[in-house]
Each structure stands twice: as C-alpha cells, then as structure tokens.
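Numbering (the working numbering), first residue to last: 2 to 456.
Taking it in order: structure first as structure tokens, then the write-up.
Structure below.
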C-alpha cells in the first residue's frame, strides 16, 4: 500500500501543477501513477456504479451522450471525457475523482475504454456495465481483424460485467458468451434496401459450423440480421428494438418487453442512431424510467468534435469526423453525404497526422473504403486535402468520379479557397480524428467565403 500512496500523491501533485500551467486533458498523472505502482488502477477507489464504453466506432459519442444525460440529471460523475481512453487516461480520471486517501468521491463513472487496452485495464477495473458499440475492421497496423479484437475482449472482460451489445453486429454480439447481457437493434426501416453492398464484409460464414450465412437483411458491411440454414444459428433477438423512425418529427420508437417508448432522434445518420439506441438500452437496463430518459434526450446533441452542422445565410455547412485509416467509419460518412439532397461540395481531410509526420502511412485502407458513394451526380465537387491528396484523387477516379469534379490540394491553407461555394447548396467537410483543429480552421474560412458570396 505504501507504493500506492506514493503513486497517488505524486500523481495528484502533478495534476495540480498541470492545472497551474493551464493544461488539462492530459494523461500524464495516470502514466506516472502506473509507472510507480503497476496495479494502481486496481487499488484506487472507484465509483459505486461504473460504466465502460468500448468498440471500434462510436465510443466517444456514446460516452459523451451518457455524460450529458447524467449531467442533466444533476449527477456528478467521474469520466475521462477530457483525457485518453487507454490505461493512463483511465487512471488519470480515477485520480481526479479521488481524495488524498484514494477513496472515490463520485457515485457514477463513465469511462471510454480503448478496445486494445483490455488486457491493461480489466484485470484491475471491473465495470458494472460494459457497452460495446460495434467491432469493425480498423487500422490494419493496429487492430488487424475485428475477430482478433473480439478475442481480446472475450479473454479480458470481467465475468461480473453486464454487457450491452449490438444485436445487429454478429462480431461484437458474440463477445464474452458467459457474461450476462442484453441487446439493442434496429428493424429494417421504411425505404431501406434489403441489402447494401460494401467492399468490406467481415462476417460471411457461420461461427458454429462454418457454412455460408444467409443475411435476411444487411444494413451495411456486416451489420444486419443473418441466419445459418445448416445449424440454425442466427442473430440475437434485441431486448431494445428500434421499430420505426419519424424523420419529420425526429422521433424514434423503441420497443422493450412489449411496451414502446418514444425518444428524440438526436442525429439522423444511421451510425448515430445506433449510438443513441445504445444509450437508451444501457439506461433502461440500469433501471431509469423511459420518461426520464426521453426528457434528457430532448436537449441531447452529438458532441461538436464529431458532428457539427450550421447554416450560413440559410445554406448548411456540415463538419463530420470521418476517422482516417478506418474504412468503415469513412464509408458511413460517405454514405451519409450521398444520401443528403441538393447539390453538394465535399472536402476530404483524411490524412493521418502521425503517419504523415513519419511519411510512412499505409494507404491500403483507401481501397477498403467505399468511395463509390461519392460518385453521385448531386456531388458537384470533391476537394482532397493533404500530402496524400493525390492518393485520394486516384481512389475517387477508380470509384468512377469524373476527373473534372476532383480538386487535389496539398496545403490545408489552400483548401477553403478551392471550394465551389456558389455552385453548391450544401458543403461537407470530412476530417481525420486528429485533424480537428485544422479542420475547424478550414471550416471557418469556408464559412467566411459563404458569407462573402451571399453578401
């Protein structure tokens, strides 16, 4: 215990000094604590109820939505909203919420947890509830295949954790089969096609008998409902089923245990609909009344760093985090843009910041992403930005996008000036995860030009 207290006090002092220097959101304190006491996370006090959120895509959005709901209810909670989602970030959040004795001062904790960090966190920290958004193919150098990540999670998820799982995802829904669990899912909605073809589909055969699966409905990639005609295996039945959406009223109707409840549709992109539904499923499973959750949803928004839409003199400018190196996340954003009506100009800032600095980026993911969605007659222009802008241009050409629609710009400073402001009814800027600051700068310049054109 002596080592633990030395680590705790040293870490708290470092947090104090960092605040004096005007810095926040750092995981330095947690990194220091773990270095001094390797099992620090298992020794420090934790909230009475601890919620973990993990998965390939959507975990930040879901964690922030949960934080906002609890905050609207006046609950002070522990979270790592402004830190990292690896073990050092989790440790920093615990340190921030603990007194000098190490006892946690919060009743509820919400922790976004990197899926690859399972072996470094779950042996020490056992969430009461663990929500897994989905498991998709991610950066090939980091996450390999989603079944590899599923195996890691199944090995390290604590047996005590109640799992909240996506019934429409055959990979994440099968994680840790011995754990107590509930499922959320979305019915086939009006006007949805029976199947949408994507380049990446990581579930094709039955996990029980290896026969070819039959998809009764495939929403995208491997998301949908499937069964095996040979052994009877099938997608799990959702406990929380989104039955229908009224897009005019922005209402989603969720069925559970024979009853239906209405909630505000926070965002209309299908991946954010799944995120919202997962939040409903978790809160209902925790015992919160549907009416209380619905009331909180009335003021809920997707965090601006993930989705930001604003009208400039009546014309929409939308900024979407598209998560570079992640083919599925980019594809979902491409699909969303193509589904919007009107004449559209699109700016792509998808180069990975860290790889760019080392000039060693692996661009193979571009050929897993469905750039074909951007081959849309209503998309009048696509501006590719960054040191890999010509690679994106090549991929767009292979997707059939006419050459005259594509503008490749190496410098971010020149990007806004190339956008066809006058010709577009809507402008979309899609940016890589760690390019938020530069994306905001480009967005602000586009907004200035929109105001100038319409003045």
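From the three backbone atoms N, C-alpha and C, an ideal C-beta is built for every residue, glycine too.
A quick note: this is a predicted structure, and the numbers were derived from the prediction, not measured.
Can you tell which of 155, 144, 13, 149 has the C-alpha that lies nearest to the C-alpha of residue 131? Mapped onto the chain shown, residue 131 falls at position 130. Of the candidates 155, 144, 13, 149, the one whose C-alpha sits nearest the C-alpha of residue 131 is 155.
Start and end residues, beta strand (DSSP E) containing residue 218: Reading the chain shown from its first residue, position 217 is the one you call residue 218. It spans 215-221 - the beta strand (DSSP E) in which residue 218 sits, taken as one unbroken run.
With residue 80 as the anchor, note down where its beta strand (DSSP E) starts and where it stops. Here residue 80 refers to the residue found at position 79 when the chain shown is read from its first residue. It spans 78-80 - the beta strand (DSSP E) in which residue 80 sits, taken as one unbroken run.
Just to confirm, are residue 297 and residue 10 a CB contact at a threshold of 8 angstroms? The residue labelled residue 297 in the question sits at position 296 within the chain shown. The residue labelled residue 10 in the question sits at position 9 within the chain shown. Taking a C-beta distance under 8 angstroms as the contact criterion, residue 297 and residue 10 do not qualify as a contact pair.
Own chain residues within Cβ distance below 8 angstroms of residue 398, not counting five before or after: Indexing the chain shown from 1 puts residue 398 at position 397. Here the set comprises 404, 407.
What residue range is occupied by the uninterrupted beta strand (DSSP E) comprising residue 260? Working through the chain shown from its first residue, we reach residue 260 at position 259. 260-265 is the extent of the beta strand (DSSP E) around residue 260.
Is residue 134 helix, strand or coil by DSSP? Walking along the chain shown from the start, residue 134 turns up at place 133. It is coil, neither helix nor strand.
Taking 8 angstroms as the cut-off, decide whether the C-beta atoms of residue 174 and residue 237 are in contact. Against the chain shown, residue 174 aligns to sequence position 173. Against the chain shown, residue 237 aligns to sequence position 236. Their beta carbons are under 8 angstroms apart, which means residue 174 touches residue 237 by this criterion.
Could you please give the first and the last residue of the uninterrupted beta strand (DSSP E) stretch that includes residue 225? On the chain shown, residue 225 is found 224 positions in, with the first residue counted as 1. 224-228 is the span of the beta strand (DSSP E), which, as asked, contains residue 225.
Can you name, in chain order, every residue of its own chain whose Cβ lies under 8 angstroms from the Cβ of residue 441, other than the five neighbours on each side? Within the chain shown, numbered from 1, the residue matching residue 441 stands at position 440. So the list reads 320, once near-sequence residues are dropped.
Residue 286 and residue 153 - do their beta-carbons sit closer together than 8 angstroms? Sequence index remark: in the chain shown, residue 153 carries index 152 (1-based). Sequence index remark: in the chain shown, residue 286 carries index 285 (1-based). The answer is no: Cβ separation not under 8 angstroms.
Nearest-angstrom Cα separation, counted from residue 119 out to residue 218: Here the question's residue 218 lines up with position 217 in the chain shown. Here the question's residue 119 lines up with position 118 in the chain shown. The alpha-carbon atoms of residue 218 and residue 119 are separated by roughly 32 angstroms.
Beta-carbon proximity list for residue 336, same chain, < 6 angstroms, skipping 5 on both sides: Indexing the chain shown from 1 puts residue 336 at position 335. The answer, listed in chain order, is 374.
Report the rounded CA-to-CA distance for residue 388 versus residue 206, giving the unit in angstroms. By one-based count along the chain shown, residue 388 stands at place 387. By one-based count along the chain shown, residue 206 stands at place 205. Approximately 39 angstroms, taken between the alpha carbons.
For the stretch 39-49 against the stretch 94-114, are there 3 or more C-beta pairs whose distance is under 8 angstroms? At 8 angstroms Cβ cutoff, the stretches touch.
Taking just the CA atoms, how far does residue 372 sit from residue 424? As a position in the chain shown, residue 424 is number 423, starting the count at 1. As a position in the chain shown, residue 372 is number 371, starting the count at 1. Approximately 22 angstroms, taken between the alpha carbons.
Same chain, Cβ closer than 8 angstroms to residue 232, neighbours up to 5 away in sequence not counted: The residue labelled residue 232 in the question sits at position 231 within the chain shown. Cβ neighbours of residue 232 beyond the five flanking positions: 207, 209, 210, 212.
Check this for me: beta carbons of residue 451 and residue 349, under 8 angstroms apart or not? Position 450 of the chain shown, counted from the first residue, corresponds to residue 451. Position 348 of the chain shown, counted from the first residue, corresponds to residue 349. Contact: no.
For residue 178, does the three-state DSSP call read helix, strand or coil? For this step, residue 178 is matched to residue 177 along the chain shown. It is coil, neither helix nor strand.
Expressed to the nearest angstrom, what Euclidean distance is found between the alpha-carbon atoms of residue 477 and residue 454? Beyond the ends of the chain as shown, which are 2 and 456, falls residue 477; an answer cannot be given.
Can you check which of these residues, 259, 137, 88, 309, is closest to residue 199 by C-alpha distance? Locating residue 199 in the chain shown gives position 198, where the first residue counts as 1. Looking at the Cα atoms, 137 is the closest of the given residues.
Could you name the residues that DSSP lists as bridge partners for residue 170? Translated into positions along the chain shown, residue 170 becomes position 169. BP columns for residue 170 point to 224.
My parser needs the alpha helix (DSSP H) runs of 4 or more residues fully inside the stretch 234-288; what are they? 271-286
Report, in whole angstroms, the separation of the C-beta atoms of residue 62 and residue 116, which I expect to be a contact under 8 angstroms. For the purposes of this step, residue 62 is identified with residue 61 of the chain shown, where counting begins at 1. For the purposes of this step, residue 116 is identified with residue 115 of the chain shown, where counting begins at 1. At roughly 15 angstroms, the Cβ-Cβ gap does not stay under 8 angstroms, so residue 62 and residue 116 are not in contact.
Can we say the stretch 177-194 touches the stretch 90-101, given the rule of at least three CB pairs closer than 8 angstroms? no
Continuous alpha helix (DSSP H) stretch holding residue 32: start and end: Your numbering for residue 32 matches position 31 in the chain shown. Start and end: 29-37.
Nearest-angstrom beta carbon gap, residue 141 and residue 276 [assumed within contact, 8 angstroms]: In the chain shown, counting from the first residue as 1, residue 276 sits at position 275. In the chain shown, counting from the first residue as 1, residue 141 sits at position 140. Residue 276 to residue 141, Cβ: 25 angstroms. No contact.
Return the Cβ separation of residue 301 and residue 70 in integer angstroms, given the expectation that the two are a contact with Cβ distance under 8 angstroms. Mapped onto the chain shown, residue 301 falls at position 300. Mapped onto the chain shown, residue 70 falls at position 69. Contact holds; Cβ gap of about 7 angstroms.
Do residue 351 and residue 431 count as a contact pair if the criterion is CB distance below 8 angstroms? By 1-based counting over the chain shown, the position of residue 431 is 430. By 1-based counting over the chain shown, the position of residue 351 is 350. Yes, the pair counts as a contact, with Cβ atoms nearer than the cut-off.
Looking at the secondary structure, which residues open and close the beta strand (DSSP E) in which residue 113 lies? Residue mapping note: residue 113 aligns to position 112 of the chain shown, counting from 1. Residues 109-113.
Assign residue 147 to one of three DSSP states: helix, strand, or coil. Residue numbering aside, residue 147 sits at position 146 when the chain shown is read from its first letter. Helix, per DSSP.
So residue 13 is in the alpha helix (DSSP H); what residue range does that whole segment cover? Along the chain shown, one-based indexing puts residue 13 at 12. Element bounds for residue 13: 3-21.
Beta carbon of residue 304, beta carbon of residue 435: below 8 angstroms? Taking the first residue of the chain shown as position 1, residue 304 is located at position 303. Taking the first residue of the chain shown as position 1, residue 435 is located at position 434. Result no, Cβ atoms of residue 304 and residue 435 do not sit closer than 8 angstroms.
According to DSSP, simplified to helix, strand and coil, what is residue 331? In the chain shown, the residue the question calls residue 331 occupies position 330. Helix at residue 331.
Is residue 67 helix, strand or coil when you go by DSSP? Residue 67 sits at position 66 when you count from the first residue of the chain shown. Of the three classes helix, strand and coil, the one that applies to residue 67 here is helix, per DSSP.
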